[in-house]
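A.B. asks:
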Ligand SMILES: Cc1ncc(C[n+]2csc(CCOP(=O)(O)OP(=O)(O)O)c2C)c(N)n1
Ligand SMILES: [Mg+2]
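Chains as they are written, first to last, in the UniProt record's numbering: chain U, 1 to 384; chain B, 1 to 440.
Here's what the structure looks like:
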């Protein structure tokens, strides 16, 4: 709930204004403080691995992920006079600060708050797009996209098809913060991409860091199909890279091979890429196993060719995501690869994913598909 | 024209009142004649459309959006705690009023300590109730303990009034082994089966149509119970709110919609949330009884809720209460409200129009509460909260097995397999998991 996550990621900040909450500071007895570490978040379950500085798109500047999103939106508002950005609390900059400064720069008719209603936000966005303008809708958390499910699945995804291409809402892009954050529990942690992967007509995209976020978001905005762009919220501040200042695009539906290897193919997207990169190093160091790490980037329509080519080479495939394993997108990849590469496989395809439960609060360290679970899966596949 | 509509509006109110007294005592189902469609009669020069009644007119005129405007704010006390109209004094005993006051201030003390503890990184998140204490205690006191409560998240005082112990508030916020919700949800997502308080869920407004369904089921039980559903003025924009309002009116459900209009939904002020005269103005559109009250006047909230509750049960119809108040704290510990509102604005409500000070004025005027009482109560309540706080912090987290239970009523083979594989994994990689912090 509780959105608000201007400071979702930095705990204990903001001493500035303590309305009514101020007064006496808490003074706790020593016996009480002894256990404070139990309350603190565990160190992040991944180590962020920044991309190399891109050279092909002009000058770069240091940005974290939310700033790279802002930069993409800024470029769009500057170059496309029809573009509008809207959602809950976006006017003051959004609870994750992705739209900071844009209302003041481009006007409140272009960057504005909507009433609190996700079905309204997406329906409105479809309408903006049908009328030919560029619509960029923000859903405050991916967990709150479901009230808009009907507008996305029955409307946005089917507009072009059902009208015989008379009408479409290809100018619509829906952005939403996504994935686990350390203490988000059931409703601030979800990764709902698989629900939308079952929905021909929309594109679903998830970046792994600031450089990818900007290029992929600009591709989504330019793409003539409705797109959902999920932003790994744990990376908003944690991920910092040199990001090109000008507009640039990174092609949709193309997976990226981040690290070449010969023994096992590892596929993931978003935050989990950074877990995979660490696991690849662990596998090399501790097991002498050479891993090929692939960032799928676009979940729908996905890049079958790049994945299959890699599996033909390595003979093994590990797929990992935070969402529950049953019916998760790993299942789709697994079954396609099994059909395409059956004779190349040296071990059963392995999925390391969330359990088939809601996303739990205090049990998050046990729930997530962390590096140790992925590492163990590699050991099993190698010894198969 | 405008006036005419206002007159109609009044007449309709009166008719509804009459009907109310006639139907009193009846709980059973009946298609009330008032609500049945008119029989078709082509001889009348009146509109015969099944969806509306009234007269034809031959002047083109749009209804003004302000047909319903300036809905008054019902209050009992002025800001200095004086009773304005003695007929409205609920005449609560000294003991009851002191209990109100102690619950409101205990809530405030608990909020301060938990807010601060989040700031120190001891709990992951918190939401304060500052400034809205009057809406919680006034409404909770007007209900029967058996009435079912569906809350949003900023109604901890309702649960406190019902007797939820401080230990359990803390256990939930700490997600420790005593948490009734088994450590699964973020802080402030309380629930209590014993106290008829349905567990809070983060997605907004989902509880609104659910409350209506429960009210319908309760009506069929004929058990002299009602349902109350709390929500913010922001949540009232969700589609679920519309569904809930419309269902409750058409299905004639004994429930109270209690809207806490505190001026903001995170950063979004009410003038970007809705046009028209607030949430209360929607009631007539749905065919529902509505009232606006001063939420910082605990007696006004009490009176309105009590009467709404009485009539909801007696007449099987929904009531909408819009309690005007102000969110004095930040939206949550993830928010910094100085980014979107002035400190002066906040200070006005904190210093000039606070529900706690208003009630204190009332008590002081009657010599029911002295400076000394205040000092010793503040000290005592703080001590109470700190004690349970320290206990809660020392307590272990729930057993990780609870990650897999309650997904379904029964443990499925699939989940059992996953549970076993986690267990084997954690045995093997013990040093990487915080197992010592959890119950075994
Ligand atoms: C469906 C849904 N959308 C968005 C959110 C994020 N969110 C949490 S609280 C909130 C504002 C609610 O405002 P209001 O209903 O007025 O309640 P208040 O916080 O003022 O008590 C928002 C947007 C959510 N929890 N659920
Ligand atoms: Mg509000």
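Just so it is clear, CB atoms sit at the ideal spot from N, CA and C, and this is done for glycine as well.
#1: DSSP on residue 186/B, reduced to helix/strand/coil?
#2: Should the segment 304–319 of chain U be called in touch with the segment 253–267 of chain U, which here means at least 3 C-beta pairs below 8 Å?
#3: Thinking just about the alpha-carbon of each residue, which of 100/U, 124/U, 139/U and 72/U is nearest to the one in residue 228/U?
#4: Is the Cβ-Cβ distance between residue 305/B and residue 258/B less than 9 Å?
#5: Under 8 Å: does the beta carbon of residue 262/B sit that close to some heavy atom of ligand 1?
#6: With respect to 8 Å, is the separation between the Cβ of residue 210/B and the closest non-hydrogen atom of ligand 1 below this value?
#7: Just to confirm, is the Cβ distance from residue 80/U to residue 102/U under 9 Å?
#8: Going by alpha carbons, who is nearest to residue 294/U out of 303/U, 288/U, 251/U and 180/U?
#9: Over what stretch of residues does the beta strand (DSSP E) that includes residue 260/B continue unbroken?
#10: Helix, strand or coil for residue 321/U per DSSP?
#11: Consider the Cβ of residue 266/B: report whether some Cβ of chain U lies at a distance smaller than 9 Å.
#12: DSSP on residue 230/U, reduced to helix/strand/coil?
#13: Excluding the five sequence neighbours on either side, which residues of its own chain have a C-beta within less than 8 Å of the C-beta of residue 65/B, listed in chain order?
#14: Short of 6 Å in beta carbon distance, which residues of its chain neighbour residue 168/U, apart from the five on each side in sequence? Order them along the chain.
#15: Excluding the 5 residues flanking residue 30/U on each side, which residues of the same chain have their C-beta closer than 6 Å to its C-beta?
#16: If we count Cβ pairs, one from each stretch, closer than 8 Å, do we get three or more for the segment 107–121 of chain U versus the segment 223–238 of chain B?
#17: At a Cβ cut of 8 Å, what residues of the segment 392–408 of chain B count as close to chain U, listed as they run along the chain?
#18: Do residue 346/B and residue 73/B count as a contact pair if the criterion is CB distance below 9 Å?
#19: Along the chain, where does the alpha helix (DSSP H) containing residue 219/U start, and where does it finish?
#20: Could one say the Cβ of residue 297/U lies closer than 9 Å to chain B's Cβ atoms, at least one of them?
#21: Which first and last residues belong to the beta strand (DSSP E) in which residue 230/B is found?
#22: Measuring only from the beta carbon, is residue 453/B closer than 8 Å to any heavy atom that is part of ligand 2?
#23: If you follow the beta strand (DSSP E) that residue 428/B is in, where does it begin and where does it stop?
#24: Are any of the Cβ atoms in chain U nearer than 9 Å to that of residue 132/B?
#25: Report yes if the CB atom of residue 175/U is closer than 9 Å to the CB atom of residue 98/U, and no otherwise.
#26: Using the rule of at least 16 other Cβ atoms within 10 Å of the residue's Cβ for burial, across every protein chain shown, is residue 339/U buried or exposed?
#27: Give me the Cα-Cα distance between residue 2/U and residue 108/B, rounded to the nearest whole angstrom.
#28: Considering only residues of the segment 327–364 of chain U, which uninterrupted alpha helix (DSSP H) runs meet the minimum length of 4 residues and lie entirely inside it, listed in chain order?
#29: Using 9 Å as the limit for Cβ to Cβ distance, is residue 91/U near chain B?
#30: In whole angstroms, what separates the C-alpha of residue 165/B from that of residue 187/B?
#31: Taking 8 Å as the cut-off, is the beta-carbon of residue 61/B closer than that to any non-hydrogen atom of ligand 1?
#32: Going by the beta-carbon positions, is the gap between residue 148/U and residue 119/U smaller than 9 Å?
#33: Quick check: does the Cβ of residue 403/B come within less than 8 Å of any heavy atom belonging to ligand 1?
#34: Where residue 376/B and residue 273/U are concerned, what is the direct C-alpha to C-alpha distance, given to the nearest angstrom?
#35: How far does the beta strand (DSSP E) with residue 291/U in it reach, from first residue to last?
#36: Looking at the unbroken alpha helix (DSSP H) that takes in residue 175/U, where does it start and where does it end?
C.D. replies: Concretely, from the data shown:
#1: As a position in the second chain, residue 186/B is number 186, starting the count at 1. If DSSP states are grouped into helix, strand and coil, residue 186/B belongs with coil.
#2: yes
#3: For this step, residue 228/U is matched to residue 228 along the first chain. Of the candidates 100/U, 124/U, 139/U and 72/U, the one whose C-alpha sits nearest the C-alpha of residue 228/U is 139/U.
#4: Locating residue 305/B in the second chain gives position 305, counting from the first residue. Locating residue 258/B in the second chain gives position 258, counting from the first residue. The answer is yes: Cβ separation under 9 Å.
#5: Indexing the second chain from 1 puts residue 262/B at position 262. Checking the Cβ of residue 262/B against ligand 1 gives yes.
#6: In the second chain, counting from the first residue as 1, residue 210/B sits at position 210. No, ligand 1 has no heavy atom inside 8 Å of this Cβ.
#7: Residue 80/U sits at position 80 when you count from the first residue of the first chain. Residue 102/U sits at position 102 when you count from the first residue of the first chain. Taking 9 Å as the Cβ cut-off, residue 80/U and residue 102/U do not qualify as a contacting pair.
#8: Here residue 294/U refers to the residue found at position 294 when the first chain is read from its first residue. For residue 294/U, the nearest C-alpha among the options comes from 303/U.
#9: In the second chain, counting from the first residue as 1, residue 260/B sits at position 260. Here the beta strand (DSSP E) through residue 260/B covers 255–261.
#10: Working through the first chain from its first residue, we reach residue 321/U at position 321. Correct three-state label for residue 321/U: strand.
#11: Within the second chain, the letter at position 266 stands for residue 266/B. It does; some Cβ of chain U falls within 9 Å.
#12: Counting from 1 along the first chain, the entry for residue 230/U is found at position 230. DSSP places residue 230/U in strand when its eight states are reduced to three.
#13: Here residue 65/B refers to the residue found at position 65 when the second chain is read from its first residue. So the qualifying residues of the chain are 275 and 276.
#14: What you label residue 168/U is simply residue 168 of the first chain in a count that begins at 1. Excluding residues within five positions, the ones whose Cβ falls inside 6 Å are 159 and 160.
#15: One-based indexing of the first chain puts residue 30/U at position 30. Confidence in residue 30/U is poor, its pLDDT being 39 and thus under 50, which makes the residue's placement unreliable; the coordinate value appears in the next sentence. Closer than 6 Å at the Cβ level, and outside the excluded window around residue 30/U, lies no residue.
#16: yes
#17: 393, 394, 397, 398, 400, 402, 403, 404 and 407
#18: In the second chain, residue 73/B corresponds to position 73, counting from 1. In the second chain, residue 346/B corresponds to position 346, counting from 1. Contact flag unset, no.
#19: Position 219 of the first chain holds residue 219/U. Per DSSP, residue 219/U belongs to the alpha helix (DSSP H) from 210–222.
#20: Within the first chain, numbered from 1, the residue matching residue 297/U stands at position 297. Answer no: the Cβ-Cβ gap between residue 297/U and chain B never drops below 9 Å.
#21: Here residue 230/B refers to the residue found at position 230 of the second chain. First-last of the beta strand (DSSP E) with residue 230/B: 227–232.
#22: With chain B running from 1 to 440 in the structure shown, residue 453/B is simply not present.
#23: Within the second chain, the letter at position 428 stands for residue 428/B. It is not in any beta strand (DSSP E) - residue 428/B instead sits in the alpha helix (DSSP H) that spans 413–428.
#24: Here residue 132/B refers to the residue found at position 132 of the second chain. Not closer than 9 Å to any Cβ of chain U, the Cβ of residue 132/B fails to qualify, so no.
#25: Sequence index remark: in the first chain, residue 175/U carries index 175 (1-based). Sequence index remark: in the first chain, residue 98/U carries index 98 (1-based). The answer is yes: Cβ separation under 9 Å.
#26: For this step, residue 339/U is matched to residue 339 along the first chain. Flag for residue 339/U reads exposed.
#27: To locate residue 2/U, count along the first chain from 1; it is residue 2. To locate residue 108/B, count along the second chain from 1; it is residue 108. The pLDDT assigned to residue 2/U is 38, lower than 50, so where the model puts this residue is not dependable; a value taken from the coordinates is nonetheless given after this. Taking the straight line from one Cα to the other gives about 19 Å.
#28: 329–341
#29: Residue numbering aside, residue 91/U sits at position 91 when the first chain is read from its first letter. Interface residue, yes.
#30: Here residue 165/B is taken as the residue at index 165 of the second chain, counted from 1. Here residue 187/B is taken as the residue at index 187 of the second chain, counted from 1. Cα-Cα distance, rounded: 16 Å.
#31: Residue numbering aside, residue 61/B sits at position 61 when the second chain is read from its first letter. Not under cutoff, so the answer is no.
#32: Stepping through the first chain from its first residue, residue 148/U is reached at position 148. Stepping through the first chain from its first residue, residue 119/U is reached at position 119. Yes, Cβ-Cβ distance for residue 148/U and residue 119/U is below 9 Å.
#33: Counted from its first residue, the second chain places residue 403/B at position 403. Checking every heavy atom of ligand 1 against the Cβ of residue 403/B, none is found closer than 8 Å.
#34: Indexing the second chain from 1 puts residue 376/B at position 376. Indexing the first chain from 1 puts residue 273/U at position 273. Answer to the nearest angstrom: the Cα atoms are 57 Å apart.
#35: Taking the first residue of the first chain as position 1, residue 291/U is located at position 291. Where residue 291/U is concerned, the enclosing beta strand (DSSP E) stretches over 291–295.
#36: For the purposes of this step, residue 175/U is taken as the residue at position 175 of the first chain. Careful: residue 175/U lies outside any alpha helix (DSSP H), inside the beta strand (DSSP E) at 172–178.
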